[in-house]
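These protein sequence lines map, in sequence, to chains A and B. Numbering of the first sequence is given in our numbering, commencing with residue 1 and proceeding in unit increments. Numbering of the second sequence is given in our numbering, commencing with residue 539 and proceeding in unit increments. Glycine included, each C-beta is placed from N, C-alpha and C at the ideal position. Heads up, the thing below is written out as structure tokens.
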Amino acid sequence: MQLTLWTYEGPPHIGAMRVATCMKDVHYVLHAPQGDTYADLLFTMIERLPKRPPVTYTTFQARDLGGDTAQLFIDAVLQANERFKPNALLVGASCTAELIQDDPGGLALGLNLSTPVIPLDLPAYQRKENWGSAETLYHLIRRLVKRNPVVGTTQKVHAQESVDPASQNNLQPPSTQQPVRPKCNILGPTALGFRHRDDVVEISTLIENLGIEINVIAPMNACVSDIERLPLADFNVVLYPETAQTAALWLEREFKQPFTKHIPIGHKGTIAFIREVLGLAKLPVDEPLIERLSKRSKASWYASSVDSTYLTNKRVFIFGDASHAIAAARVASEEMGFKVVGLGTYSREFAREIREAAKLYGLSAIITDDYLEVEDHIAELHPELILGTQMERHIAKRHGIPCTVISAPMHVQDFPARYAPQMGFEGANVLFDTWVHPLMMGLEEHLLGMFREDFEFNDSSAPSHLGGAKKTADSAALTPHSEPLLNEAKAQMNTEGEPTTGPAQTESQQGLSPTPSSQQKVSELIQHWTREAELELK
Amino acid sequence: MNSVIPIASHSRLPNTNPSATHLDIRHERGQREVFCGLTGIIWLHRKIQDAFFLVVGSRTCAHLVQSAAGVMIFAEPRFGTAIIDDRDLSGIADANEELDRVVNQLLKRRKDIKTLFLVGSCPSEVIKLDLSRAAQRLNVQFNPGVRVLNYSGSGIETTFTQGEDACLASIVESLPAPSLLAGSHSPHLAGPGQKKRLLVVGTLADVVEDQMQRIFKDMGLLDVEFFPGRNSQSLPLINENTVFLLAQPFLADTAKRIEDKGAKRLPAPFPLGSEGTSEWFKAAAVSFGIDEKTLEKALFAPRQRAQIAIAKHKAMLENRKIFFFPDSQLEIPLARFLSRELGMRLTEVGVPYIHRQHLAQELELLPAQTLIVEGQHVEQQLDRCEQAQPDLVVCGLGLANPLEAKGFTTKWSIELVFTPIQGFDQAGDLAELFSRPLSRKEKIAA
């Protein structure tokens, strides 16, 4: 049992919903008690999707438990199949249905529907949301991709393939007259992903500009027929390892499709990605082309312009999913000239990767899903900028530290109306703007430093372009109070184990049991926080 | 296993109110697009300021509470989840010991907590984790500093607002027997428990409570108690001299527990809108023998304010068709208010449950032939909504944007639970909650 106040990730069936919701013609029948339909609002309210997620819930109640919940599930499958006529049915259980062991997969398969059925076994008491997405995408592909011996032999196949005209991802099919262009799939974008919508546009345009054809983008906007065509590509572009790595590894094994390891975040990250993609496509590295494409990014020029001098060695704390956090650290350090003072993730599956990344900055990675522990680190490290998730946004607010969200989980304001990718060259521009925006401008900062006695413009002033966000004396006083806690948290960092040994329990236990001397401080903090939260509410 | 009985058992009583026969009440079963009772924690923890709500459940429960809260604004909220994991399920860890450990952790951290609610969830109910015994055990350990109570907010037993019902029922259940209290209950020193007293039951915003208290005072009722109070220490005295008014229509279990202690419920419509609020105060006046003149004097000015405020929205709402998806059990009183005071036409009133005794006065006031659907089959209901083409749809957050995208105008229903809407001074605000989506649509229409 683990005490949790806020969670970075939902349960794994939410991950499955993210895959189902972003696709065009699958339906997910979820054996779940009344109330689990709350998940719909994540998509309709936070992401503002104009359609209900394609999910049918059995919403069983106590009175059903005495009866036949299995029949309830069967009825739900039949009704959903009839009403929505999906081209594939995902079936599974949420946490409670897992306990009653009705075996949704077996029940649905037993119906012998003409619709392909994909049973999802997502252990709700062990795993979490991102893992659920990865597993769902993997099973979807495994079930739908036929191991046709013809496909998988790459280039040779292209001329003779039959292309499904209904396919949404179907770009210009190569005519037999033209030289065969290399093809790739883009894997990973889902509903409720951090800027996935725009990253996909940015990266697919970039890849096409390199002379590479995009075979399928999945799961976002894909249909079942697209999934079936995945083996026709020469290689895979994995944009989000959290959701796509499992599937990419399988495709690599089965169809000899290699996949990209570079994440195209930041100017340099995008260039490294381009080189990797060209290599996988067996295309020559066309330097003038890269030069031309990269002109779109003003970020590197902005970072080298003299105005940015003041950004040098700004202390930045980074926390998010592993791939966004690692990429942000690289951009912060190599492209913005910041100093990375803290780096962490809640994605335990990628603990190894984040530890290695942290070493580059002489840090030991913070791997936790306890946001209070993250807060302790932040309080101790005094960063000047936080790049994090919705949780860190609130931590930052309490501590009066500028913050930008770079990773899920996020709230409605992180689904902007405008085009705002994180990836590619335009993404690099977005990073520069959104990371620098919360900071005080260079000259302003100097003047405040020089004339601290000024009654209007002093150290506690907010940046002049961010009216009203004045740091309160209270929140400034937070830091010294928290120190006892932090030392402890620091001690914990060194005792961190591998995910399989259950550090979730032990870490949070330690994190929540402060020494007697720090208890008083903690309760002071808590009272302070509660007051602030109340003010905020009003 | 849990001391709380789901109120579904009450709602399935046969229609005992003959006067409601003018209505078309149907029942429906299927997918229910509603929250579970855990959601009640979002307002209960704001109301009862020294209480902590610990959900004993899964990651889904934790995710639900934080998502339903909509805004993750609390630095350290007064609620949390003890997430059951596979070690608890497989028996590697003793779930009871684990729970004790988590509670110890929590209470060590939160010295300010005076009452801890262990809140049961679907998984804890299914694995039969006995939270009432856990509460007893922990009560012994933490007595007298912290009181530990338990109730179930599970989706298999409770729908949305029933979570509040279960919570309040658990508090009533924990009250000491009246005889033990005699002479010891300080606020009632003058013949403790001897005098007839009024209790208002149901969570109300503090501002609403204050307004109501002023009106009761004007009526001559000086020691009206509100339950739940603003902190968990102020517990009501309930005995055979207590009469109580329900402020919310979803408190079946709580009311039953209060009645079991000898108290008498005053039947009344609910204090929504000018009419409902007037009738609600009147029920108290009649019970306490307050003459009409005194009542009228106390109600006149606030009622007039309410009517003026409501009138401003009539032009926008009159003759418009409204369709309710089931959500909070507030639907019937709201439908009554909207049809009688604002002239709206009721296309369909979906309700999760109807408590026929508590809603008898409300049902009588609904226009003849009103279609009421108890329970839900969301797909069929969406089809009916599509066919009826109402001017305004009241629905949950999962349905609102998809309906808007189809051209419907919606009012998301959770706002009706999170906004002070009871009493005279809120009646105009209540009307505005319904007129705003329509006026907004007019305003931004091309």
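Any chain B beta carbon closer than 7 Å to residue i
i	result
Y371 (chain A)	no
Y125 (chain A)	yes
T389 (chain A)	no
C22 (chain A)	no
C95 (chain A)	yes
D40 (chain A)	yes
R18 (chain A)	no
Q413 (chain A)	no
G10 (chain A)	yes
W6 (chain A)	yes
Nonlocal neighbours in the same chain, by C-beta distance under 6 Å from residue i, ignoring five residues either side
i	result
S657 (chain B)	According to the sequence provided, residue 657 (chain B) is Val. The question's Ser does not apply to it. Around V657 (chain B): F591, V593 and G691.
F350 (chain A)	A322
E536 (chain A)	With a pLDDT of only 44 at E536 (chain A), under the threshold of 50, the placement of this residue in the model should not be trusted; the figure read from the coordinates follows. If we look at E536 (chain A) and ignore the five residues flanking it on each side, it has no Cβ neighbours.
C660 (chain B)	S692, G693 and I694
K852 (chain B)	L880
P119 (chain A)	V91 and G105
P774 (chain B)	L737, E763 and F765
T312 (chain A)	G337
I959 (chain B)	L968
K490 (chain A)	Confidence at K490 (chain A) is low in this model, with a pLDDT of 38, below 50, so its placement is unreliable and the value that follows should be read with caution. Closer than 6 Å at Cβ, skipping near neighbours: no residue.
Bridge-paired residues (DSSP) for residue i
i	result
P463 (chain A)	Partner(s): none; P463 (chain A) has no beta bridge.
G618 (chain B)	B:L592
C574 (chain B)	B:T697
I630 (chain B)	In DSSP, I630 (chain B) forms no bridge with anything.
K949 (chain B)	B:V932
I186 (chain A)	A:I217 and A:V237
A93 (chain A)	A:H31
DSSP state of residue i mapped onto helix, strand, coil
i	result
P807 (chain B)	coil
P104 (chain A)	helix
Q927 (chain B)	coil
D369 (chain A)	coil
S333 (chain A)	helix
H31 (chain A)	strand
T479 (chain A)	Because the pLDDT at T479 (chain A) is just 37, under 50, the model does not fix this residue reliably, and the point stays unresolved.
S564 (chain B)	One detail in the question is off: residue 564 (chain B) reads as Arg in this sequence, not Ser. The answer is strand: DSSP assigns R564 (chain B) an E or B state.
R768 (chain B)	coil
N677 (chain B)	helix
E530 (chain B)	Outside the displayed range of chain B (539 to 984) lies residue 530 (chain B), so it cannot be described from this structure.
K802 (chain B)	strand
Alpha carbon of residue i to alpha carbon of residue j, nearest angstrom
i	j	result
E202 (chain A)	I271 (chain A)	14 Å
I647 (chain B)	Q674 (chain B)	A quick correction: the sequence has Arg, not Ile, at residue 647 (chain B). Straight-line Cα distance between these residues: approximately 21 Å.
S305 (chain A)	A328 (chain A)	21 Å
Q927 (chain B)	Y38 (chain A)	25 Å
E375 (chain A)	H394 (chain A)	10 Å
V745 (chain B)	N81 (chain A)	50 Å
C574 (chain B)	P104 (chain A)	22 Å
L289 (chain A)	L239 (chain A)	22 Å
L72 (chain A)	T58 (chain A)	7 Å
M391 (chain A)	Y8 (chain A)	8 Å
Q918 (chain B)	Q925 (chain B)	11 Å
Close beta carbons around residue i, own chain, < 7 Å, minus the five adjacent residues each side
i	result
G740 (chain B)	L784, A785, Q786 and L789
S825 (chain B)	V781 and L804
Residue i at chain A interface by Cβ criterion, 7 Å
i	result
C574 (chain B)	yes
D626 (chain B)	yes
P871 (chain B)	no
Q569 (chain B)	yes
T947 (chain B)	no
G888 (chain B)	no
R768 (chain B)	no
S670 (chain B)	no
H601 (chain B)	yes
Distance cut-off 6 Å: residue i Cβ against heavy atoms of the ligand MG
i	result
H437 (chain A)	Of the ligands one can find in the structure shown there are none, so the ligand MG has no counterpart to examine.
Chain C residues whose Cβ lies nearer than 8 Å to that of residue i
i	result
I100 (chain A)	Included in the structure are the protein chains A and B, with no chain C among them.
Cβ neighbours of residue i in the same chain (closer than 8 Å, five flanking residues each side left out)
i	result
L363 (chain A)	V340, V341, G342 and L343
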